[in-house]
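Here the structure is laid out as structure tokens; the discussion comes afterwards.
Protein chains: 2
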Amino acid sequence: MSLNQLSEVKVNGGRLLRVEHESRSCNGNMTFAVFLPPQAAKKEVPALYWLSGLTCNDENFSQKAGAFTTAAELGMAIIMPDTSPRDAGVVGEDEAYDLGTGAGFYVNATQAPWSIAYNMYSYVTEELPALITANYAISDQAAISGHSMGGHGALICALKNPGKYASVSAFAPITSPSQCPWGQKGFTAYLGSDETTWSEWDANQLVQSNRAAGIAPQALLIDQGSSDPFYADQLMPSLFASTCESLAYPLDYREREGYDHSYYYISSFIAEHLRYHAKHLGLTV
Amino acid sequence: MSLNQLSEVKVNGGRLLRVEHESRSCNGNMTFAVFLPPQAAKKEVPALYWLSGLTCNDENFSQKAGAFTTAAELGMAIIMPDTSPRDAGVVGEDEAYDLGTGAGFYVNATQAPWSIAYNMYSYVTEELPALITANYAISDQAAISGHSMGGHGALICALKNPGKYASVSAFAPITSPSQCPWGQKGFTAYLGSDETTWSEWDANQLVQSNRAAGIAPQALLIDQGSSDPFYADQLMPSLFASTCESLAYPLDYREREGYDHSYYYISSFIAEHLRYHAKHLGLTV
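Respectively, the protein sequence lines represent chains A and W.
Residue 285, in the numbering used here, is where the first sequence stops; the numbers in between run on with no holes.
Residue 570, in the numbering used here, is where the second sequence stops; the numbers in between run on with no holes.
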């Protein structure tokens with residue numbers, strides 16, 4: 001698979017690369033970014049996958065999160081995929097901010113016309129990691145995190161793949177897409193109107209099914225601003241917390257008084273999340 | 286003077302405000318941002334004025350510099366003015382990225398039509414500080430810093446006002462606008478073609494005239510990436526360093542191997558600058 005490096009910039013002693021490539025999963029060109037900490041010049045380092053929210057691409061996190069200072073200190077790579085295919089040629093892909101371009105929801109679409117390209121789940125959990133470990137000084141030790149739609153993505157990628165990620169964290173995640181307007185719109189388009197097919201893509205249901213199947217709990221941190229305008233209608237942290245509590249599923253839930261849904265909020269706590277993941281990845285914190 | 290607060294967001298335990306107001310100096314509406322660290326809830330704190338570069342407004346720094354983590358820790362406010370008047374109605378103000386809107390060069394224009402509004406020097410050194418100390422829990426203890434055109438701005442504001450700023454630092458500043466294309470274009474428009482009038486707005490000449498006048502040296506830090514594409518033609522750090530050396534003017538010059546002109550570069554070293562200013566402002570570092 002050939003990679004086309006679009007740019008490289010030095011930051012915090014490491015390297016931030018933007019790379020495009022032909023993606024099988026997404027049936028076209030995809031761009032991702034990777035931050036290589038200074039330690040990667042000498043040895044393989046573990047990685048955090050960061051999944052962004054609606055309307056974002058890799059640059060929102062790399063420009064606004066302020067994460068590289070701590071990642072460089074810890075020796076952690078950060079992989080920043082896009083949030084959907086771009087220019088996939090699917091009718092309607094550019095009509096709304098919450099469906100299609102910038103809104104892949106980290107599922108594998110089963111419904112035409114989306115299914116030809118909107119397979120972000122396979123892209124993020126299989127295609128991209130294979131490409132990363134083959135081309136960079138990055139080991140297969142990984143953690144995953146994300147924001148909003150990307151928080152949902154991080155949760156389902158981890159819960160659907162027990163043992164694959166050392167830890168998962170999420171900022172203001174959509175915890176139950178089956179039950180909120182953003183999720184219902186996306187899932188109806190990508191997965192169809194039979195809601196029974198949605199449960200395998202819904203974190204609130206996955207913790208229940210994992211528990212029922214006796215799967216060992218995933219190290220799981222959820223971060224939520226109390227002044228987030230999407231708190232009750234879209235994100236539903238209380239629902240998820242109470243599901244976890246009823247199952248005795250360990251959840252590290254951190255509510256932040258007065259914080260909103262923005263990257264200012266993320267930048268305030270990203271170092272805390274990186275240290276959480278570093279601990280689970282066995283790095284010196 | 287009435288202030289209109291456009292937004293407030295919580296970040297790193299502090300408050301980031303965007304505010305607009307009618308400016309006398311700039312003959313119209315101006316927007317600035319102010320970061321109030323958590324300590325400002327209880328007492329007056331000192332401030333760093335940050336002057337941005339060509340094309341920027343207050344948001345480039347607030348979104349991309351990653352400065353608030355350290356500013357919150359130190360108890361330092363950060364004031365982020367715009368880089369020029371906006372919609373001043375001056376013919377030609379929107380024709381180029383390096384003149385007019387987004388390119389005020391922190392001078393007081395003497396030439397029509399610019400002089401009616403393009404008085405960023407008075408705005409930054411007098412009007413804005415008066416408004417800040419009158420309206421926020423911010424003392425008159427101040428330091429100043431900036432990037433590129435804003436690095437030039439920080440240097441001249443400090444050198445023209447001995448004792449006003451505890452310290453000045455600059456990332457990749459235009460050190461001698463009289464001698465580079467960006468500066469020559471701006472100065473010709475704002476100050477006229479008589480180059481003898483330019484010297485009072487040129488850091489490389491101000492260190493010389495201050496030295497000749499026996500003015501005590503200003504605590505001065507210049508930061509420069511070695512891979513900055515504007516290094517030789519526009520910024521001329523070597524010229525400035527050699528002027529300081531020939532005058533035995535103390536200069537803390539830090540060249541950073543492999544860094545470019547971007548906010549990734551700034552974000553890599555902003556904490557170091559904030560600690561430098563904190564020390565000069567008498568804060569606990």
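Ideal placement from N, C-alpha and C gives every residue a C-beta, glycine not left out.
Remember, predicted model here, so these are calculated numbers, not experimental data.
Subject >> Interfacial residues, the segment 34-60 of chain A to chain W, with Cβ spacing under 9 angstroms >> reply: none
Original post:
Quick one: complete beta strand (DSSP E) runs, 3+ long, within the segment 467-527 of chain W?
Top reply: 505-510
Subject >> the segment 246-263 of chain A touching the segment 213-232 of chain A, judged by at least three CB pairs closer than 8 angstroms >> reply: yes
Original post:
Using a beta-carbon distance below 9 angstroms, is serine 433 (chain W) in contact with chain A?
Top reply: no
Subject >> CB contact check: valine 492 (chain W) to chain A, cutoff 9 angstroms >> reply: no
Subject >> Span of the beta strand (DSSP E) around glycine 28 (chain A) >> reply: 28-36
Original post:
Nearest to alanine 203 (chain A) by alpha carbon, out of A:Pro173, A:Pro229, A:Ala216, A:Asp228?
Top reply: A:Pro173
Original post:
What residues from the segment 67-92 of chain A come within 8 angstroms of chain W, judged by C-beta to C-beta, listed N to C?
Top reply: Phe68, Thr69
Original post:
Given 8 angstroms as the limit, is there contact between the segment 549-568 of chain W and the segment 340-360 of chain W, that is, 3 or more CB pairs closer than that?
Top reply: yes
Original post:
What separation, rounded to the nearest whole angstrom, lies between the Cα atoms of serine 52 (chain A) and glycine 153 (chain A)?
Top reply: 9 angstroms
**OP:** Give the C-beta separation of leucine 36 (chain A) and glycine 14 (chain A) to the nearest angstrom, bearing in mind that I take them to be a contact with Cβ-Cβ under 8 angstroms.
**Re:** 5 angstroms
Original post:
For a contact meaning CB atoms closer than 7 angstroms, what does serine 7 (chain A) contact in chain W?
Top reply: Neighbours of serine 7 (chain A) on chain W: none; closest Cβ ~10 angstroms, over 7 angstroms.
**OP:** Check phenylalanine 456 (chain W) in the structure and name its three-state DSSP category.
**Re:** strand
**OP:** Quick one: grab the DSSP three-state call for tyrosine 538 (chain W).
**Re:** strand
**OP:** Using three-state DSSP, classify proline 113 (chain A) as helix, strand or coil.
**Re:** coil
Original post:
For aspartate 343 (chain W), which of helix, strand or coil comes out of DSSP?
Top reply: helix
Original post:
Expressed to the nearest angstrom, what Euclidean distance is found between the alpha-carbon atoms of proline 514 (chain W) and proline 522 (chain W)?
Top reply: 13 angstroms
Original post:
Thinking C-beta only, is lysine 10 (chain A) closer than 9 angstroms to aspartate 372 (chain W)?
Top reply: no
Original post:
Using a threshold of 8 angstroms, is the CB atom of threonine 133 (chain A) nearer than that to any non-hydrogen atom of the ligand GTP?
Top reply: Looking for the ligand GTP in the displayed structure turns up nothing, as the structure carries no ligands at all.
Original post:
Which residue comes first and which comes last in the beta strand (DSSP E) that contains alanine 556 (chain W)?
Top reply: Premise fails: alanine 556 (chain W) lies in the alpha helix (DSSP H), 548-565, not in any beta strand (DSSP E).
**OP:** Could you spell out where the beta strand (DSSP E) holding alanine 428 (chain W) opens and where it closes?
**Re:** 423-432
**OP:** Decide yes or no for the touch test of the segment 473-480 of chain W against the segment 419-428 of chain W: beta carbon pairs closer than 8 angstroms, at least 3 of them.
**Re:** no
Original post:
Cβ of proline 370 (chain W) within 9 angstroms of Cβ of alanine 402 (chain W)?
Top reply: yes
**OP:** Closer than 8 angstroms by beta-carbon distance: list the chain A residues that pair up with leucine 302 (chain W), in chain order.
**Re:** Neighbours of leucine 302 (chain W) on chain A: none; closest Cβ ~12 angstroms, over 8 angstroms.
Subject >> Distance between leucine 159 (chain A) and glycine 214 (chain A) (C-alpha atoms, nearest Å) >> reply: 13 angstroms
**OP:** Could you check how far apart the C-beta atoms of valine 45 (chain A) and alanine 137 (chain A) are, in whole angstroms? I think they sit under 8 angstroms.
**Re:** 7 angstroms
Original post:
Which partner residues does histidine 306 (chain W) have in the DSSP bridge list?
Top reply: W:Leu288, W:Met315
Original post:
With a Cβ-Cβ cutoff of 9 angstroms, do tryptophan 335 (chain W) and isoleucine 364 (chain W) count as a contact?
Top reply: yes
Original post:
Do you know offhand how far alanine 241 (chain A)'s Cα is from valine 19 (chain A)'s?
Top reply: 37 angstroms
**OP:** State the DSSP-derived secondary structure class of methionine 80 (chain A), mapped to helix, strand or coil.
**Re:** strand
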